[in-house]
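Below: the structure, in structure tokens.
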Amino acid sequence: MSRFPGSKFRRAEARPARRQAWIGGIHGGSPAASSNHIKTSRRWIVFSTNSAGVLGAVPLESRDGGQRAVSQLRCYSGVVADFDFSPFDEQVLATCSAEEAVKVWRLLDSDPDLSSSLNVTLGPKGGQAGMVLFHPTADGILASGAQRTAKVWDVEQQQQPLTELDPHGDLLQSLAWSLDGTLLGSSCKDKMLRIFDPRAGPAACQSVQAHENGRDSRLVWVNSAGGLLSIGFNQVREREVRLWDTRAFTGSLASVTLDASPRPLIPLFDPDTGLLVLMGKGEDVLFCYEVLPAQPALTEVTQCRTESKAHGIARVPKTALDVLACEVMRVLQLTDRAIVPVSYTVPRKSMQEFHEDLFPCCAGNIPATSAEAWWAGDNSQVQRISLHPAHRPSRGFSSPCIPSLPPESRTPDHPQQEQAEDLDISAGSGLSSPTSSLTSPSSAAASLSATSGFASSPSQRSLQSILGPSSGFRHIQGTVLPRSTHITNLKGLNLTTPGESDGFCANRRHVAVPLLSAGGQVAILELSKPGRLPDVSLPTIENGGPVSDLCWDPFDLERLAIAGEDAKIRLWRVTPEGLRKSLREPEAVLRGHTEKIYSVKFHPLAADVLASSSYDLSVRIWDVRSGRQALLLNGHKDQIFGIAWSPNGRRLATVCKDGKVRLYEPRQASEPLQEGPGPEGGRGARIAWVCGGKNLLVSGFDSHSERQLSIYQVETVVDGPVARISLDVSPSTLIPFYDTDTGMVFLTGKGDTRVFMYEIVPEAPFFLECNSFFSNEPHKGFQFLPKPECDVREVEVARALRLRQSSIEPVAFRVPRIKKEFFQDDLYPATEVWWEPALSAAAWLEGSDGQHRKISLQPKAMTPVSKAPKDVPSRKYVPSSVYLEEKSDEQKKEELLNAMVARLGNREDPLPQDSFEGVDEEEWARYLAQIVLVGVQVVGRAFARALRQEFAASQAAAGARGRPPGSPSEAASSAAGISLQEAQQILNLPTLNPDDLQKNYEHLFKVNDKSVGGSFYLQSKVVRAKERLDDELRIQSQGDPDAARKPDT
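The sequence shown begins at 1081 in my numbering and counts up by one.
The structure is reproduced here in structure tokens:
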């Protein structure tokens, strides 16, 4: 068939990756006949293995270009028949088996064994399936096929399918959703194609005979206008592809016959570009066609032969493509031992520009509707997004079908049923609406690093660097401290504290953790005593009622305030050594609230002043010392999500479920001083003072349940936020911690695996994004310790405690610096002593204000980096006189080794001639003649000396062969004329490893080839070093006891 002349893909090239880019260390297999055996999301690659019931998983993008760890997912006791990723949540995977029911997993960990990942089972026992397929527009809709029947499921309902379609005439071979999600197509062994409208009824609305042979066939939708592709066999058992139009479903529009191979074809189709890739199982040829429904035509683009035979193939998501290199498609080929990437690129004159004609907008990762709304008739379509690196949306999506936390960790205020409602993905929802943007360059920079988890390409990172100002803390790194500092074997945690609570609290001496037991018990743990807790029960504080929030007094390390659901605040005192026995009688009880209390916050400056908020819609300020209510704040019309004192202690800010942010001056009036618009979503919110009390930071949700951050000017709260950025979709509220010294804000939610970090500045762009801290498992809470707990010698700017299911782990946040021996005074300004009161409660209530004193964190033995001696810049290029003078043999040998090692390093430094200035022609000719003459002399002397060295080494080796050896290793050195240490230096091998040996040998032999300007002498050195190290490996493999001795010199 002739090529369509106007195709922009007619010169597309398929390029298999080099072996260095393969994903190795796997054991691929294809136990089932009708599956692709490999699928990808924006984060994971999952593939079939040669072990029954086990899938392999590796990250789609490697971190720092290193090796990717291969994990295992043990799904069933029998063979895994099929699996499919959700098109929206990159961590949700559905699996099926011919022996067990369909399971839907959330892959959260990166451990070698993913079998403990959260999962749900669809239907009762006996609900087996041979294929599964997620819906393209609605979250949580899943189609499954088994034997002759197909079912449509709502993953959240789990027990019963939404519908069961009429039985087919023979075994079901494939299922395919239409691109708009309204129809479900199937191919069957009875040679028929059937089209179903599951919401209209179980019967097929259209059917036609597809292929004349009943062998394995596949079905793919081409466009939203009813275009179909069927892949199967004709009457003479030749493989063929047919193009159909459901509006005229009587015969195919076009067809192409490939060959007479008996193996079924696996189709991969990109509806945005029209490219179709076909490959047979057990074959090594990739066919690529362009599908043109309007012609109609199937035009061949290219063929590609790979090195290995395939078990299966998968298409990488469009957002992971290198668009600046004109990569229009990337296919992953599963083989026995590796996953081989194959890139399809279109040659263009400029390979560093975004070509809009090659990359039309594609479907985003935010669902258009919910399962319930789709079943009710909603046909909303997924919003399309641009692939331009500067315009990509930054938000991800977390499906409520599979919770991010175990069921027992959900709070009673946020049951699973309410999560789906709060996500607002019902009919007509705007989940696919554009992300709220910040009117500054940083918003575009933030959009380049998606929260889904796959890494940005180098071109995107380089683009990111020119989009706006960057933070001096952008390279901050979070590190979990060694296990010797952990508190482990923590049992019976209470994971149902309200969303307004942080979950636990800590100061520099104690940690208070609510326990899941009667009477509202709270465990007190000592940070000075890390290690494993005893298996016996610990002494606790028995609060007498369920705990809703708790807070340590910042000025009294032994006093703990606990708010209960019985509308009382109890003050408890522990000894400096912790609890020796259980406490049942509090030091004081504060009564005044009439309903359950939300949260409690101590005053930042005045001792014995405490603020509390309650379901009675009031904020009360207490004089703790006298045990009385001092002030009452009114004006709230709904649930109070959060309260925060200003740094100077004069004002109190609140954020409320009624969508308002309120600002109070408690000593002046009980009504709000200002009232402005707050977050649109009603799921939860937090508030904090930033930039020295000039701004307010509010974390909350928008109307589409997307988490967002907003900045307010304190003096103009009524005008609304001055900046706003959106982060991701998750059910947990982001809890902020603001460091006044660095201007850094740390944000994470209960049940999250990520800590967002931003530097907040008082003017546009307000948010400067920094590195994020990721963990493998969800944490239950995060608490930050006072600044003196930081190790300034390690450039640690913050230290936190991470609460996990059974342990508490310290996390250090450090800024990479070179001169760590100096005190980094630019990172550590004088810090406020906020753990000491500035005034008493009585003085504050009477109208006085105070201010914390400040101290320096500089150790006495450290010099500030601002006063460090300046380094004398070294001369970058060595003068020619150094090369012209005579050198000893040892000097030349050292230079030779250094030069060969340098060839493995970076070649991006400028050449010396790049810095030459222009001269006239006569002077240049004179210089050139001198250079040639000197060069000939140097090369001649060096070559003669090299020959003498080689002759001497050969004579020494010949003499060594006639002498009895000492150890085998020494004998090998004598025979080769080169020591083991010299051989390792030549090949740049600190440790002897066969893989590194072969890799470095091939590289050095190639770069020293004479055809590319190298030297035959250097090549001979490389070969002799390789032979000596091969002998050493052979000696070690024979188990010689002398092989482990120190290398001979």
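Backbone N, C-alpha and C fix where the C-beta goes; we use that ideal spot for every residue, glycine too.
Could you give the C-beta distance for residue i and residue j, rounded to a whole number, given that I count them as a contact under 8 Å?
i: Val1593; j: Val1891; result: About 17 Å; that fails the 8 Å criterion.
i: Ser1131; j: His1117; result: Not really, about 13 Å apart at Cβ, beyond 8 Å.
i: Ala1284; j: Arg1274; result: 4 Å
i: Gly1878; j: Asp1819; result: Position check: residue 1878 holds Ala in this sequence, whereas Gly was assumed. With 8 Å as the limit, Ala1878 and Asp1819 qualify as a contact, their Cβ atoms being about 6 Å apart.
i: Gly1354; j: Leu1372; result: 7 Å
i: Ile1888; j: Val1591; result: 6 Å
Who are the Cβ neighbours of residue i in its own chain at under 6 Å, not counting the five residues just before and after it?
i: Leu1251; result: Lys1269
i: Arg1589; result: Leu1637
i: Ser1936; result: Ala1910
i: Glu1912; result: His1932, Lys1934
i: Cys1384; result: Ala1094, Leu1366
i: Arg1298; result: Ser1254, Ile1311, Pro1347
i: Thr1337; result: Glu1318, Glu1320
i: Gln1668; result: It is Ala, not Gln, that sits at residue 1668 in the sequence shown. Once the five neighbours on either side are set aside, the close Cβ partners of Ala1668 are Leu1651, Gly1707.
i: Val1841; result: none
If you draw a straight line from the alpha carbon of residue i to that of residue j, how long is it in whole angstroms?
i: Ser1961; j: Arg2104; result: Residue placement at Ser1961 cannot be trusted, given a pLDDT of 48 that sits under 50; what the coordinates show is reported in the next sentence. If you take the alpha carbons of Ser1961 and Arg2104, they lie about 32 Å apart.
i: Asp1260; j: Leu1467; result: 21 Å
i: Thr1577; j: Ser1698; result: 20 Å
i: Ser1694; j: Lys1830; result: 21 Å
i: Pro2074; j: Ala1418; result: 19 Å
i: Ala1400; j: Glu1407; result: 10 Å
i: Trp1149; j: Ala1390; result: It is worth fixing the name first, because residue 1149 is Ala in this sequence and not Trp. Looking at the two C-alpha atoms, the distance is approximately 22 Å.
i: Val1945; j: Glu1901; result: 9 Å
i: Asp1646; j: Glu1675; result: 7 Å
i: Leu1412; j: Val1396; result: 7 Å
i: Trp1915; j: Ala1880; result: 17 Å
i: Leu1919; j: Ile1701; result: 16 Å
Under 7 Å, do residue i and residue j count as touching if we go by C-beta distance?
i: Gln1238; j: Leu1264; result: no
i: Gly1729; j: His1683; result: yes
i: Cys1850; j: Arg1554; result: yes
i: Arg1664; j: Glu1622; result: yes
i: Thr1620; j: Ala1603; result: yes
i: Pro1816; j: Ala1768; result: yes
i: Phe1349; j: Val1288; result: no
i: Leu1345; j: Leu1358; result: yes
i: Leu1414; j: Gly1392; result: yes
i: Val1212; j: Asp1162; result: yes
i: Thr1813; j: Gly1579; result: yes
i: Ala1223; j: Gln1208; result: no
i: Cys1481; j: Glu1180; result: no
i: Tyr1678; j: Ile1649; result: no
Excluding the 5 residues preceding and the 5 following residue i in the sequence, name in chain order all residues of the same chain whose CB lies nearer than 7 Å to its CB.
i: Ser1597; result: Gly1572
i: Glu1244; result: Thr1229, Lys1231, Pro1282
i: Gly1715; result: Arg1742, Glu1751, Pro1752
i: Ser1852; result: Arg1834, Val1835, Phe1836, Met1837
i: Val1958; result: Low per-residue confidence applies at Val1958: pLDDT is 49, beneath 50, and the placement is therefore not dependable enough to give any value.
Could you pull out every residue in the same chain whose Cβ sits closer than 8 Å to the Cβ of residue i, ignoring the five residues on either side in sequence?
i: Thr1655; result: Glu1638
Ends of the alpha helix (DSSP H) at residue i?
i: Leu2098; result: 2096-2117
i: Asp2087; result: Going by the sequence as given, residue 2087 is Val instead of Asp. Unbroken alpha helix (DSSP H) run through Val2087: 2074-2087.
i: Trp1632; result: Element bounds for Trp1632: not the alpha helix (DSSP H) but the beta strand (DSSP E), 1627-1632.
i: Trp1454; result: 1451-1455
i: Trp1924; result: 1921-1925
i: Asp2061; result: Residue identity check: residue 2061 is Gln in the sequence provided, not Asp. Unbroken alpha helix (DSSP H) run through Gln2061: 2060-2066.
Starting from residue i, trace the beta strand (DSSP E) in both directions and tell me its first and last residue.
i: Ala1418; result: 1418-1425
i: His1590; result: 1590-1594
i: Lys1119; result: 1118-1120
i: Gly1861; result: 1861-1864
i: Gly1136; result: 1134-1139
i: Ile1446; result: Taken as a continuous stretch (DSSP letters only), Ile1446 belongs to no beta strand (DSSP E), as it is neither H nor E.
i: Cys1441; result: Run containing Cys1441: none; DSSP gives neither H nor E here.
Using a Cβ cut-off of 7 Å (strictly closer), state whether residue i contacts chain D.
i: His1673; result: No chain D is present in this structure, which holds just one protein chain.
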